[in-house]
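Comments concern the structure below.
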Amino acid sequence: MRKIYSFFLLVLISAFSLSCSSLVDYDGDLLLGVNQNGGSGGNGGSGSGGGSSMTGKVLVKMTSHTLNDAGQFEDATVTFNYVNNRFVSYTDEAGNGLNIEYNSSNKISRISAPGAVNSVFTYNGNVLSKVTSDITGFGNLETSYTFNGANLAKTVIISTVSLFSVSIKSYLEDNYETTANNITKDVTKIGLYDPTTGDLIISPDAATSSYGYDAKFAPFSLLPKEFSLYFSSLSPQTGYINSLNNPVNQTVTDQANGTATATITYEYDTDNYATKASSSDGEYYIYQYKKL
57 MRKIYSFFLL
67 VLISAFSLSC
77 SSLVDYDGDL
87 LLGVNQNGGS
97 GGNGGSGSGG
107 GSSMTGKVLV
117 KMTSHTLNDA
127 GQFEDATVTF
137 NYVNNRFVSY
147 TDEAGNGLNI
157 EYNSSNKISR
167 ISAPGAVNSV
177 FTYNGNVLSK
187 VTSDITGFGN
197 LETSYTFNGA
207 NLAKTVIIST
217 VSLFSVSIKS
227 YLEDNYETTA
237 NNITKDVTKI
247 GLYDPTTGDL
257 IISPDAATSS
267 YGYDAKFAPF
277 SLLPKEFSLY
287 FSSLSPQTGY
297 INSLNNPVNQ
307 TVTDQANGTA
317 TATITYEYDT
327 DNYATKASSS
337 DGEYYIYQYK
347 KL
């Protein structure tokens with residue numbers, strides 16, 4: 057797998073490994089096969105609490121079979137938990153996971169894991185504008201979101217972390233283009249803040265990702281829109297999970313690594329939701345649903 061922006065990925069992986077690693081492929085490879093169009097209506101980040109759909113079903117489990125950095129396959133399962141059809145948490149096999157809280161407008165207000173991470177959501181009206189995350193013993197991340205009408209246009213993450221007693225402030229920016237409710241292009245920039253002057257130094261090696269899609273429903277479209285906005289901002293080249301349909305191909309180009317491509321094939325249920333996403337190297341994700 058490609059190791060674009062390895063330092064920034066190290067920061068994010070370390071921060072969220074206790075609770076998030078089963079959901080996000082931090083190399084930016086096209087493996088999830090999931091995306092988002094809001095819980096029960098969410099243009100511009102205005103989806104509701106999620107957990108139901110036109111088909112009257114919920115996403116209850118995701119099983120992954122993926123290669124680790126040593127080239128060995130690993131299996132993991134994440135369970136999505138509901139109370140009165142509202143998505144309230146997800147857990148792994150060991151019981152680790154995140155709890156999800158909502159405000160009076162039925163929007164996600166907090167995502168947290170006791171003793172690990174606390175993420176607070178801020179809105180401009182009903183549109184998500186910022187998420188501030190404190191990671192115990194590590195540092196913090198502040199993610200800002202910009203929309204062009206109903207479409208996600210830009211995310212910026214500023215992280216301040218402590219590694220080996222050294223405070224490091226870094227910058228990650230993704231700019232998106234959308235066609236027919238799908239993110240078709242993502243330009244990623246990274247940078248570091250000078251510890252003496254505070255000036256932001258942007259790397260000249262921007263990465264451009266392009267995507268193609270099927271015409272079927274994605275599993276994460278059954279969850280709140282803010283949930284996928286939150287997770288897609290945790291690493292470069294994963295904004296596609298905010299699209300309406302399932303990504304079937306991805307091309308990533310940057311100066312350091314040249315051009316790489318990935319393709320995904322899907323299986324679907326009778327409601328046209330993806331039940332399995334597979335890549336040519338043997339990795340796959342299986343999605344399970346429950347009728348309401």
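FYI, the working numbering numbers position 61 of the sequence shown as 117, with every residue one higher than the one before it.
For every residue, glycine included, the Cβ atom is placed at its ideal position computed from N, Cα and C.
The structure displayed is predicted, hence computed values, not measured ones.
Could you work out which residue in the options is closest to residue i when comparing CA atoms only?
i                 : options                        : result
serine 186        : Tyr146, Ala169, Ile213         : Reading the sequence as shown, one finds lysine at residue 186 and not serine. With distances taken between Cα atoms, lysine 186 lies closest to Ile213.
valine 116        : Phe129, Asn124, Thr252, Arg142 : Arg142
serine 335        : Lys272, Gln344, Gln306         : Gln306
aspartate 250     : Ile224, Tyr343, Glu157         : Ile224
valine 134        : Phe276, Leu285, Ser215         : Phe276
serine 189        : Val176, Tyr201, Ala333, Asn180 : Val176
isoleucine 320    : Thr326, Glu339, Asn231         : Glu339
phenylalanine 283 : Asn301, Val139, Tyr158, Asp337 : Tyr158
leucine 348       : Ser289, Glu233, Leu278, Ala333 : Leu278
serine 266        : Glu233, Val114, Ile167         : Glu233
serine 218        : Asn238, Asp230, Phe203, Gly195 : Gly195
alanine 262       : Lys163, Ile246, Arg166         : Ile246
threonine 207     : Val304, Lys281, Tyr341         : What sits at residue 207 in the sequence shown is asparagine, not threonine. Closest option to asparagine 207, Cα to Cα, is Lys281.
asparagine 298    : Gly254, Ser221, Ala209, Thr326 : Ala209
isoleucine 258    : Tyr138, Glu229, Asn140, Phe129 : Glu229
leucine 285       : Phe273, Gly268, Phe220, Leu300 : Leu300
Verify the contact flag: residue i, CB atom, against every heavy atom of the ligand ADP, threshold strictly below 8 Å.
i             : result
threonine 211 : Only the bare structure without any ligand can be found here, which leaves the ligand ADP out of the picture.
Taking residue i and residue j to be in contact with their CB atoms under 8 Å, please state how far apart those CB atoms are, rounded to whole angstroms.
i           : j             : result
proline 322 : alanine 312   : A small correction: the amino acid at residue 322 is tyrosine; proline does not occupy that position in the sequence shown. Not a contact, Cβ separation roughly 31 Å.
serine 289  : threonine 199 : 5 Å
So what's residue i in DSSP terms, helix, strand or just coil?
i                 : result
serine 160        : coil
valine 248        : Reading off the sequence shown, one finds leucine at residue 248, where the question assumed valine. Three-state DSSP puts leucine 248 in a strand.
tyrosine 229      : The sequence shown places glutamate at residue 229, not tyrosine. It is a strand residue.
glutamate 149     : coil
phenylalanine 276 : helix
serine 288        : helix
glutamate 282     : helix
serine 165        : strand
glycine 181       : coil
threonine 135     : strand
leucine 348       : coil
aspartate 255     : coil
alanine 263       : strand
serine 223        : strand
threonine 192     : coil
asparagine 8      : Absent from the model: residue 8. The displayed extent of the chain is 57 to 348, so no value can be given.
aspartate 270     : coil
threonine 119     : strand
leucine 74        : Confidence at leucine 74 is low in this model, with a pLDDT of 31, below 50, so the placement of that residue should be treated as unreliable; the coordinate-derived value is given next. Three-state result, leucine 74: coil.
asparagine 238    : strand
glycine 105       : With a pLDDT of 48 at glycine 105, under the threshold of 50, the modelled position of that residue is not reliable, and no figure is offered here.
asparagine 174    : strand
asparagine 155    : strand
What ranges does the beta strand (DSSP E) occupy inside the stretch 296-337, keeping only unbroken runs of at least 3 residues that lie completely in it? 303-310, 314-324, 330-335
So, do the stretch 163-172 and the stretch 140-155 have three or more beta carbon pairs nearer to each other than 8 Å? yes
When you compare the stretch 294-304 with the stretch 230-245, are there three or more beta-carbon pairs, one atom per stretch, that lie closer than 8 Å? yes
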